[in-house]
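One structure is given here, and the rest of the page talks about it.
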Amino acid sequence: MGGGVAAQCEPSCGGYRVRKERERVLWSTNAYKPVNMSIEYESEAQRANRGVVLKAVAEDGRNFEFASDSLRADPELALIALETDWHVLQFASRELLSSREFMMRAVAIDGRALRCGGFKNDREVVFAAVANFGSVIGHLSDAMRDDYEVVITAVENEPIALRFASNRLKNNYAIVTKAVVRKFFVHAFASKEIQTSDFMEKIKTRSRGKGLWYILKLKWMMRNFVAWRFGNAVAAHDAAHFAPDGKAVMAAPGAQEAKRKFEEMGL
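Residues are numbered in my numbering as their position in the sequence shown, beginning at 1, plus a constant of 1.
Right under this line is the structure:
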């Protein structure tokens, strides 16, 4: 097929090796399935029929690979296919991937589309991409990974994007804070100076407090489940802790069973 884009897509975007690697990952996660309604073996006339291709691509975006050259330059078909798998852009025409308008629409659907085309230094396209998929910043130039606004936008979308920031921005308290208050484990990607600072100790305390809040919330949910399962026995159990004569309350039907369940779960 003509209109290939190997020259415009980075090596990890297209080609046999990446396709096989993607299939390996999909198999390993049990997410792989054959292309639905494949048009791979249809006649050239069918693969050039927009109605046929549109239906096939809507069913499974990977059919875009088998469309005719002219239809692989159709922006609407490419965007529909992109919703299934961003890798399909490796089969789009050079003209399409050279279109800034198309790439702006593409990265809004999946930020990883930025890895195809020639817009990795276009700040507006980059902003739209990292706002959708923060980790795509790892495929940008050093200059972009040292751009404060680009990096903080990426981190707001995916805290782990901190990993790909420049050394200068890994030492920026505003950016690191944005990341670690949402995903504390990413503090490992901050500069050594920040990791050993009093500031980080405060964040650790806050993170532990947040973790405790989740534990208490889980405990509350478990207690409600027991309440639903054992009915009024929960009220009897609670009363037993506060009533002057707990023995009388705990004699209520089901109270002993509820008490045992609570104790098993540490409630």
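Glycine included, every Cβ here is placed at the ideal spot set by N, Cα and C.
Among the options, the one whose alpha carbon lies nearest that of residue i
i: Tyr149; options: Asn133, Ile161, Phe134, Val177; result: Val177
i: Gly118; options: Ser136, Ala180, Trp87, Ala144; result: Trp87
i: Leu55; options: Glu102, Arg169, Ile81; result: Ile81
i: Ala74; options: Gly52, Asp143, Phe103; result: Phe103
i: Asp147; options: Asn168, His188, Glu43, Val53; result: Asn168
i: Ala46; options: Ala59, Leu72, Asp143, Arg116; result: Leu72
i: Glu159; options: His140, Val187, Ser142; result: Val187
Under 9 Å between C-beta atoms of residue i and residue j
i: Ala175; j: Glu157; result: no
i: Val151; j: Ile161; result: no
i: Ile153; j: Lys171; result: no
i: Pro76; j: Ser99; result: no
i: Lys121; j: Met145; result: yes
i: Ile40; j: Arg51; result: no
i: Ala109; j: Ala129; result: yes
i: Glu324; j: Val58; result: With the chain represented from 2 up to 268, any question about residue 324 goes unanswered, as that position is not in the structure.
Backbone CA spacing between residue i and residue j [nearest angstrom]
i: Gly135; j: Asp70; result: 32 Å
i: Ala185; j: Ala114; result: According to the sequence as given, residue 185 is Phe; it is not Ala. Taking the straight line from one Cα to the other gives about 28 Å.
i: Glu84; j: Thr197; result: 43 Å
i: Leu90; j: Phe165; result: 24 Å
i: Asn173; j: Lys193; result: 12 Å
i: Asp123; j: Arg183; result: 28 Å
i: Arg116; j: Val127; result: 10 Å
i: Ala93; j: Glu202; result: 49 Å
i: Leu97; j: Ser142; result: 23 Å
i: Ala107; j: Arg63; result: 16 Å
i: His140; j: Val181; result: 22 Å
Cβ distance (whole Å) where residue i is taken to contact residue j below 8 Å
i: Ala79; j: Phe65; result: 7 Å
i: Phe190; j: Leu163; result: 5 Å
DSSP-derived helix/strand/coil call for residue i
i: Ala236; result: Low confidence applies to Ala236: its pLDDT is 49, below 50, so where it sits in the model is not reliable enough to give any reading.
i: Leu217; result: For Leu217, the predicted structure reports a pLDDT of 46, less than 50, and the residue's modelled location is therefore unreliable. A value from the coordinates is still provided. It is helical.
i: Pro245; result: Model confidence at Pro245 stands at a pLDDT of 38, short of 50, so the residue's coordinates are unreliable and nothing is read from them.
Contact with chain D by residue i, beta-carbon distance below 9 Å
i: Asp143; result: No chain D appears in this structure, which consists of one protein chain only.
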